[in-house]
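Numbering (this note's numbering), first residue to last: -14 to 172.
Think of the CB as a built atom: it goes at the ideal place given N, C-alpha and C, for glycine as much as any other residue.
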């Protein structure tokens, strides 16, 4: 029997697998939160499936999203990333990734973990919306506006409210699965 899924992922095996296993699952691990933050940064202005198809290439190119290593990237490493056809080659986004790794480390130092910081905005509990269709999901909210402003104040780049809301959805800070989706009540 076919499972009911959110409409946005239908028809693509990679999208469906991502939806079924990852999207909306609460993430408290700093390494995974960083990975999603960087992938969402690269997604800005593009479709998520584009990034998802290049995810393994991104992992290899960016030292498996090791923010300690990325924070140390020099110009030669950034230049080599600009030549890597397996990723989205955008100079501003590559530079932002290095900047964000450094800012990420500062947040960890201040809050004990990035997870403590980011989940503090929702008191550690996911917001559970009741969407009949994925089309009802907002692109941003007052909360994502607030988080975006705070991240920017802390030196993060490419973290506009829409990027932040997508990050919140991906990492389970908000449950935007459709109410008839099999994952809605599972997570």
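With a threshold of 16 other CB atoms inside 10 Å of the CB of residue i, please say whether the residue is buried or exposed.
i	result
residue 64	exposed
residue 78	buried
residue 136	buried
residue 68	exposed
residue 100	buried
residue 35	exposed
residue 171	exposed
residue 70	exposed
residue 25	buried
residue 151	buried
How long is the line joining the alpha carbons of residue i and residue j, rounded to whole angstroms?
i	j	result
residue 104	residue 110	7 Å
residue 50	residue 14	13 Å
residue 173	residue 16	Because residue 173 is not part of the residues shown, which for the chain are -14 to 172, the question remains open.
residue 169	residue 41	27 Å
residue 157	residue 18	10 Å
residue 72	residue 29	14 Å
residue 128	residue 6	25 Å
residue 153	residue 88	18 Å
residue 114	residue 155	14 Å
residue 130	residue 23	18 Å
residue 132	residue -5	30 Å
residue 85	residue -13	41 Å
residue -3	residue 8	15 Å
residue 76	residue 144	16 Å
residue 120	residue 95	37 Å
Given a cut-off of 8 Å on the beta-carbon distance, is the pair residue i and residue j in contact?
i	j	result
residue -11	residue 165	yes
residue -1	residue 38	yes
residue 10	residue 21	no
residue 134	residue 81	no
residue 98	residue 163	no
residue 90	residue 52	yes
residue 66	residue 46	yes
residue 122	residue 147	no
residue 139	residue 83	no
Along the chain, which unbroken stretches of the alpha helix (DSSP H) at least 4 residues long are found entirely within the segment 121 to 154? 127 to 138
Every unbroken alpha helix (DSSP H) within the segment -3 to 37, with a cutoff of 4 residues, ordered by chain: Taking only runs of at least 4 residues, the alpha helix (DSSP H) segments lying wholly in the segment -3 to 37 are -2 to 6, 15 to 28.
Could you tell me which whole alpha helix (DSSP H) segments of length 4 or greater appear in the segment 79 to 129? List check, alpha helix (DSSP H) in window: 99 to 104.
Could I get the ranges of all uninterrupted alpha helix (DSSP H) runs contained in the segment 37 to 69, with 4 residues as the minimum, in chain order? Fully enclosed alpha helix (DSSP H) runs of 4 or longer: 40 to 46, 52 to 55, 60 to 67.
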